[in-house]
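*Asks:* Going by the working numbering, the first residue of the sequence shown is number 1, and it counts up by one from there.
Can you keep this structure in mind? I'll have questions shortly.
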Amino acid sequence: RWASGGENCIDAGSTKISIVVRDGGNTLIQVQDNGSGIHAEDLPMLCERHATSKLEKFEDLAKMRTLGFRGEALCSISYVSHLTVTTMRQGDGHATRTVFRDSKIEEGPKACAGLVGTTVHVEDLFYNMPIRRKALKSSSEELSKVLEVVGRYAIFHEGVGITLKRQGNQRPDLCTGQKDTTLEKIRMVFGSQVGSNLLPFESCPQDSSNGSTPS
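Written out as structure tokens, the structure reads:
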């Protein structure tokens with residue numbers, strides 16, 4: 001659930017991503033970024049299946065530089081939750097809030113206060129699918145899964161700071177800074193003991209002439 005939204009944040013050029021969850025994400029997942037925001041004309045298509053702004057022509061498939069482009073995540077989420085998207089681009093006079101249901105706009109877009117970037121607010125996941133909702137794990141188990149996924153993204157992506165906290169808590173469960181090194185992020189995610197036992201290494205390019213690896 002978070003992974004697709006987080007990938008969109010990174011693809012939008014975000015340097016700061018803030019995540020808030022309630023009940024381990026079962027009743028609320030909110031992802032806020034400071035990325036480029038969404039064009040107003042793209043909002044009606046935002047939750048349409050296979051609609052994406054990351055491909056402009058067929059040839060773009062041969063040079064993908066984004067984490068995702070299939071246009072499936074928001075569409076699927078809009079069918080099984082209450083989905084609200086608030087977005088603002090640099091230079092806009094105000095933010096825009098839109099409510100989606102079953103891939104279509106249910107309410108909005110409406111002008112509202114906001115910051116440059118996008119906030120995706122997902123409430124009551126599987127509210128209309130009682131059997132699937134019943135299959136969700138406990139809040140602590142779901143939070144553990146969210147932390148695992150978010151931690152991996154936090155470590156891998158340089159220049160992006162990610163904060164995750166439970167709604168109502170002042171202290172985050174995970175916090176990495178935009179300027180943190182990979183080692184510093186590993187320590188924050190896995191603990192100082194893991195970080196202090198890591199060994200640095202460098203890989204050498206393979207010699208294509210004889211297939212050997214230079215020493």
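All C-beta atoms in this analysis are idealised placements derived from N, C-alpha and C, irrespective of residue type, glycine included.
Since the structure is predicted, the reported quantities are computational estimates derived from the model, not experimental observations.
1. Report back the beta-carbon spacing between C112 and R97 to the nearest angstrom; my notes put them in contact at under 8 Å.
2. Excluding the 5 residues flanking S18 on each side, which residues of the same chain have their C-beta closer than 6 Å to its C-beta?
3. I19 lies in the beta strand (DSSP E); which residues open and close that run?
4. Given 8 Å as the limit, is there contact between the segment 120 to 133 and the segment 75 to 90, that is, 3 or more CB pairs closer than that?
5. DSSP three-state label for Q32, please.
6. At 4 residues or longer, what runs of the alpha helix (DSSP H) sit wholly inside the segment 161 to 204?
7. How big is the Cα-Cα spacing for S192 and T181?
8. Can you tell me the Cα-Cα spacing of R133 and T176, whole angstroms?
9. With distance defined between alpha-carbon atoms, name the residue in T87, E107, L198 and C9 nearest to G114.
*Replies:* In this structure, then:
1. As a working note, residue 112 is residue 112 in the sequence shown. As a working note, residue 97 is residue 97 in the sequence shown. Correct: roughly 5 Å between the Cβ atoms.
2. Residue mapping note: residue 18 aligns to position 18 of the sequence shown, counting from 1. Excluding residues within five positions, the ones whose Cβ falls inside 6 Å are Q32 and T163.
3. Translated into the one-based positions of the sequence shown, residue 19 becomes position 19. It spans K16 to R22 - the beta strand (DSSP E) in which I19 sits, taken as one unbroken run.
4. yes
5. Walking along the sequence shown from the start, residue 32 turns up at place 32. Strand at Q32.
6. 182 to 190 and 192 to 196
7. Position 192 of the sequence shown holds residue 192. Position 181 of the sequence shown holds residue 181. Between S192 and T181, the C-alpha separation is close to 14 Å.
8. The residue given as residue 133 occupies position 133 in the sequence shown. The residue given as residue 176 occupies position 176 in the sequence shown. Their Cα atoms are separated by approximately 31 Å.
9. Against the sequence shown, residue 114 aligns to sequence position 114. If we check each option's Cα against that of G114, T87 comes out closest.
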